[in-house]
Amino acid sequence: MLLFCDPGIDDAVAIYYAHFHPEIELVGMVAEYGNTSTENAFRNALYLQETLGIHVPLFRGAQGPMTGKEVELHPEIHGEYGLGTINTPEKVDVEIPENFFEVIDLIRAYTGKLTIVTTGRLTSLAVLCLYYHDLLCEKVQEIVSMAGAFFVPGNVTALAEANVYEDPIAAKLVIEHAPMLTIVPLNVTDRLLVPMEMIERITFENGYEMLHALIHYYYDFYEAATIDPLLGTPLHDVVAFSVLMNPEFFTFLTYRVYVESADTETAGATFPDLRELVDLPPAPQHLVAIEANEAAFLEDFERILSSRGRREKADRHG
Ligand code: BDR
Ligand code: CA
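Right, here's the structure in full:
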C-alpha cells in the first residue's frame with residue numbers, strides 16, 4: 002500500500018495500524034500539508050518511520066491546496082507540530098527533499114498490486130490524476146480515501162469534512178478521475194469511537210507510550226469540543242485501512258458522487274445523485290462506506306495494535 006497522509010494524530014494511528022497489521026505491506030508514503038505544514042508532516046512521517054522501524058521511501062507532497070488559498074493548519078486538534086506535544090522539528094534534522102514525482106517509479110514497480118490509501122487532503126493525488134491519469138488507471142488496483150460526509154454533519158462546516166473542505170478542487174478531480182475509488186466518510190469514522198480504556202489496555206500490553214500520548218491529546222480535543230459526554234475518540238484515518246482489510250464490517254452504497262468546489266457557504270460538501278432516471282449525465286460511481294459494525298471494528302483495532310498483532314507480523318516475516 003502507498004499512503005498519502007498529513008500526520009496528524011489520526012494519520013499516525015493509521016500508520017501504527019498498517020505497520021502492525023500482518024496482511025498490510027506499506028511500500029511508500031507521501032506526506033503533505035493538511036493538519037500541519039508539509040515540512041512538519043514530512044518530519045512527522047519520518048519520525049514515525051524511525052520510531053516504528055518502517056523502511057520505505059517517503060515523498061514530499063503538495064504544499065498547499067489547488068484553491069490557491071492559504072493553508073489552514075490545525076494545532077488545536079493535532080498539536081503545534083502535528084503530533085500532539087512532540088516537537089519533531091527539534092527531533093528530526095532532515096533536509097526536506099523535492100522528490101514527489103519519484104513516486105511514479107514506485108507506482109510502476111508495483112503494477113497491478115498497489116492500493117493507494119489517502120488520509121489527507123487530496124491535492125497530491127489530484128496532481129497525479131492530472132499528470133498521470135493513464136498510469137493510475139493501468140497500474141493501481143484500488144484507491145481508498147478517508148474523505149467526505151454524506152447526509153451527516155461535516156467537521157469543518159455544517160456540510161463539509163476537512164480532507165475535502167481544505168481542497169475541494171482536488172477532491173473533485175480525484176472523484177471525477179480516480180479509478181476504483183472507495184470513499185470512507187464521516188458517516189462511519191465519526192461513529193467508530195475508540196474508548197480510552199482500550200488504549201490503556203493496549204499500552205499496558207505492549208508499551209506504546211507514544212501512541213497513548215497521541216490518542217490522549219486527540220481525545221482531549223474532542224471531549225472539550227463535543228456537547229455530549231464522549232464514549233471514546235474517533236480516529237478517522239485508521240478506518241480507511243480497516244475498510245480495506247475488513248470490508249465485511251462495513252455497508253457500502255454505490256453513488257454517483259459530487260463535490261461542491263465553488264467558494265461558497267457549501268464548499269466541500271459531498272453528495273450523491275440519488276435520482277432514479279434513465280437519462281442522467283455521465284458521472285463516476287464510487288463505493289461509499291455508510292455504516293459500520295462498531296464492535297467488530299473495535300475488536301480488530303485492539304487485536305492489531307496489541308502485541309498479538311505485532312507477534313503475528315514478526316512470525317510472518319520470520
Ligand atoms: C480528517 O481530517 C484530518 O484532520 C484528519 O487527519 C482526518 O484525515 C478527518 O476529517
Ligand atoms: Ca489525516
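By this note's numbering, the letter at position 160 of the sequence shown is numbered 161, and the numbering carries on one by one without gaps. For every residue, glycine included, the Cβ atom is placed at its ideal position computed from N, Cα and C.
Check	Outcome
Thinking C-alpha only, which one of F302, T183, A225 and L278 is nearest I78?	A225
Alpha carbon to alpha carbon, how far is E167 from P66? Give it in angstroms, no decimals.	7 Å
Whose C-beta lies closer than 6 Å to the C-beta of G319 among residues of the same chain, with five residues either side of it excluded?	Residue placement at G319 is flagged as unreliable, the pLDDT there being 46, under the threshold of 50; the coordinate-derived value follows with that caveat. Cβ neighbours of G319 beyond the five flanking positions: none.
Using a threshold of 8 Å, is the CB atom of M1 nearer than that to any non-hydrogen atom of ligand 1?	In the structure as shown, the chain begins at 2 and stops at 319. Residue 1 is therefore absent and cannot be evaluated.
Is the beta carbon of E162 within less than 8 Å of some heavy atom of ligand 1?	yes
Using the Cα positions of G233 and T119, report the straight-line distance between them to the nearest angstrom.	24 Å
Please specify which runs of the alpha helix (DSSP H), each continuous and at least 4 residues long, are wholly inside the segment 6-77, giving them in chain order.	10-21 and 39-53
Is there at least one non-hydrogen atom of ligand 2 closer than 8 Å to the beta-carbon of P8?	yes
Have a look at Q1 and S146 and give me their C-alpha separation to the nearest angstrom.	Since the displayed the chain opens at 2 and closes at 319, residue 1 lies outside it and no answer follows.
Are the Cβ atoms of Y259 and P273 separated by less than 9 Å?	yes
Let me check you understand the geometry: is the CB of D191 closer than 8 Å to at least one non-hydrogen atom of ligand 3?	The ligand content of the structure shown is limited to ligand 1 and ligand 2, which means ligand 3 is not among them.
Kindly indicate the opening and closing residues of the alpha helix (DSSP H) around A225.	E210 to A226
Applying the criterion that 16 or more other CB atoms from any shown protein chain within 10 Å of the CB defines a buried residue, is A290 buried or exposed?	buried
When DSSP builds the beta bridges, which residues end up paired with S388?	The structure shown does not extend to residue 388, since the chain is modelled only from 2 through 319, so no value can be given for it.
So what's L4 in DSSP terms, helix, strand or just coil?	strand
Is G269 near ligand 2, in the sense that its beta carbon is under 8 Å from a heavy atom of that ligand?	no
Please give me, in chain order, every unbroken run of the beta strand (DSSP E) with length at least 3 that falls completely inside the segment 86-117.	none
Between the alpha carbons of G85 and L193, how many angstroms are there, rounded?	21 Å
Leaving out the 5 sequence neighbours to the left and right, which residues in its chain are closer than 6 Å to D191 when beta-carbon positions are compared?	P235
Need the endpoints of the alpha helix (DSSP H) that T1 sits in, please.	Lying before the first or after the last residue shown, residue 1 is absent from the chain, which here runs from 2 to 319.
Quick check: V189 and C130, are their CB atoms within less than 9 Å of each other?	no
Exposed or buried, which one is Y132 when buried takes at least 16 other CB atoms within 10 Å?	exposed
Any contact of the segment 81-95 with the segment 149-166, i.e. 3+ C-beta pairs under 8 Å?	no
The alpha helix (DSSP H) that contains L288, what's its start and end?	First-last for L288: Q286 to A293, but that is the beta strand (DSSP E), not the alpha helix (DSSP H).
Look at the alpha carbon of L182 and the alpha carbon of L107, and state the distance between them as a whole number of angstroms.	20 Å
Taking the alpha-carbon of L187 as reference, which of E210, P230, F60 and E292 has the nearest alpha-carbon?	E292
Tell me which residues share the same chain as H237 and place their Cβ nearer than 6 Å to its Cβ, disregarding the 5 neighbours each side in the sequence.	D11, M147 and T190
Taking the continuous beta strand (DSSP E) assigned at P230, which residues delimit it?	Premise fails: P230 is in no beta strand (DSSP E) and is neither H nor E.
Quick one, which of C6, I25, F21 and I16 has its alpha-carbon nearest L245's?	I25
Quick check on DSSP: helix, strand or coil for T252?	strand
Between the alpha carbons of R257 and L278, how many angstroms are there, rounded?	12 Å
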